[in-house]
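Here the structure is laid out as structure tokens; the discussion comes afterwards.
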Ligand SMILES: Nc1ncnc2c1ncn2[C@@H]1O[C@H](COP(=O)(O)OP(=O)(O)OP(=O)(O)O)[C@@H](O)[C@H]1O
Ligand SMILES: [Mg+2]
């Protein structure tokens, strides 16, 4: 329950709506309680007048009295109808204000969660799977909404109805009220028991259903493997079995539900019998009227249904509290990478690694060990090394997707932790090793850094990345959708679009992580030729397994197990006759 207090700030935000909603709940119940009173009053009046009319039988006055009874009946009918209409109207308004409030809060909460997602860093996303993340934003929030809307509304409603009904009953006759309400606790207990059984069953059904869908989904996505290993029968049998389980649980549930409604009707019936019996005795004593008895019958009926919703509301609150706990834990998780300064980075100086070591937070793998180097502004460097030697880790550290564990990285003498993070990243053009394109048009993918870029800018960038001609061959050209709903691009095409995405923003520092790997030598040559102008005066880091022969690197850095193993110019490394030399030799032989 404590977890749900987090939502109080939203009740405060929408306080007008909430207060108005409560007001409507009160009005609804006032009119609901009023209608049996009118009915009781009418019955008493009519029965009294009837006795009177009989007494005057044979006189002329009888006619007048009969007419007045008819008139009264008509008036009471109209009043009764009016009250019912108003009760209906206020019920509508009550739902309009409270349920709408819950939808508004749901929307706010979802946005709050989504905003928090954007703040968290890569380490968080590596730790949590996408399914969990999606769950939080959708399922958990809808469960919380059930508390904000229906649960809150029903609780206030039941509370109001009980107060009004019991007040009205007491004002007629205290002892009568006492006797009539005596079986209520038993009723509450029975309903609560059956309700918790229903909850238990419905949870079981949910589990079975999710089993069923997960397995079906897995079979569908693995359909190629399934068919090539001729295992369709296995799949069918498995599905049958799961389906059978689901059905068994559903039948159990149906049985309990079938029991629930007759039980309710029986209990209401018993209460009504009690009212009539005790009411009869009281009427005989002359302490109450037939109208009062009728009122009581209505009141007892009115109380029964809200009681049955108490268990339901309790379940909603429990589930909502569990969901809100997950949401609260998530909202409390802090990003490790923090922006602590507004000072813009100066990219005119050297980029320096000073004794940097880095261990991945969750796996404990030490990817970089005591690495030191200094890249002067405008130089072009290659980073090489065997797979798993730590090349991509260097790129991620420069981008500040992770912070170093020891040592420091600085730009123009300033630690990168102490510069404005957004501005710093904006000045870096990073093409990651595993290229990712959004399911959007090619043009929007290229101008992702700033959607204000014109189509001319997009085309210029695409031309530099040697992808323009291929894009023009697609039916919708730059408006072609990529990804699931659009066309599937080849690895090399994706790499070049990702390259164009970086070239368009002309950053101060380029980091290309294995971005030329899927290209043939001819395309690689054209691109690198085009890039010469884009790279002018810019610092460039190219991570590669091959030695691109069309670019002259100022320095080459070779890593081994996260440490520096070779460093120098092409000539120097050839003389060293180590990793670089062997790669060079092999490339030459081909
Ligand atoms: N997100 C991560 N979490 C934990 N460990 C990681 C992560 N990314 C990489 N590693 C580990 O860090 C080490 C260095 O990986 P890195 O990706 O930097 O190598 P690489 O030189 O880029 O390799 P490749 O040439 O295959 O791209 C590897 O042992 C790898 O298993
Ligand atoms: Mg890598």
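Residue numbers (our numbering): 3 to 592. Beta carbons: idealized from backbone N, C-alpha and C, even for Gly. A quick note: this is a predicted structure, and the numbers were derived from the prediction, not measured.
Residue i in three-state terms, based on DSSP
i, result
"residue 368", "strand"
"residue 151", "helix"
"residue 594", "What the structure shows of the chain is the stretch from 3 to 592, and residue 594 is not part of that stretch, so it cannot be assessed."
"residue 23", "helix"
"residue 520", "coil"
"residue 541", "strand"
"residue 546", "coil"
"residue 579", "coil"
"residue 438", "coil"
"residue 515", "strand"
"residue 570", "strand"
"residue 214", "helix"
"residue 375", "strand"
"residue 558", "strand"
"residue 223", "helix"
"residue 416", "strand"
"residue 451", "coil"
"residue 483", "strand"
"residue 204", "helix"
"residue 157", "helix"
"residue 343", "coil"
"residue 565", "strand"
"residue 168", "helix"
"residue 348", "coil"
"residue 475", "helix"
"residue 30", "helix"
Best match in the options for proximity to residue i [C-alpha to C-alpha]
i, options, result
"residue 139", "404, 329 and 435", "329"
"residue 265", "193, 141 and 429", "193"
"residue 44", "291, 374 and 304", "291"
"residue 409", "374, 97 and 60", "374"
"residue 667", "128, 116, 513 and 529", "Residue 667 falls outside the range modelled here, since the chain spans only 3 to 592, and no answer is possible."
"residue 37", "84, 572 and 421", "84"
"residue 345", "424, 561, 461 and 64", "424"
"residue 157", "458, 531, 27 and 32", "27"
"residue 52", "119, 520, 170 and 74", "74"
"residue 78", "69, 49, 46 and 40", "40"
"residue 359", "351, 352, 253 and 368", "368"
"residue 189", "307, 281 and 237", "307"
"residue 395", "541, 513, 173 and 448", "513"
"residue 90", "310, 31, 17 and 535", "31"
Closer than 8 Å: residue i CB and nearest ligand 4 heavy atom
i, result
"residue 435", "Ligands displayed in this structure: ligand 1 and ligand 2; ligand 4 is not among them."
Extent of the continuous alpha helix (DSSP H) to which residue i belongs
i, result
"residue 102", "63–121"
"residue 384", "No alpha helix (DSSP H) holds residue 384; the beta strand (DSSP E) holding it covers 382–387."
"residue 280", "234–287"
"residue 460", "457–466"
"residue 179", "176–183"
"residue 498", "493–505"
"residue 6", "Note, residue 6: premise wrong, no alpha helix (DSSP H); not H, not E."
"residue 446", "444–448"
"residue 330", "292–334"
"residue 15", "10–15"
"residue 396", "393–400"
"residue 128", "124–129"
Rounded distance between the beta-carbons of residue j and residue i, thought under 8 Å
i, j, result
"residue 439", "residue 467", "Not confirmed; about 13 Å, so no contact."
"residue 326", "residue 6", "5 Å"
"residue 510", "residue 541", "7 Å"
Span of the beta strand (DSSP E), counted from its first residue to its last, around residue i
i, result
"residue 1", "Residue 1 is absent from the model: the chain starts at 3 and stops at 592."
"residue 357", "353–361"
"residue 430", "430–433"
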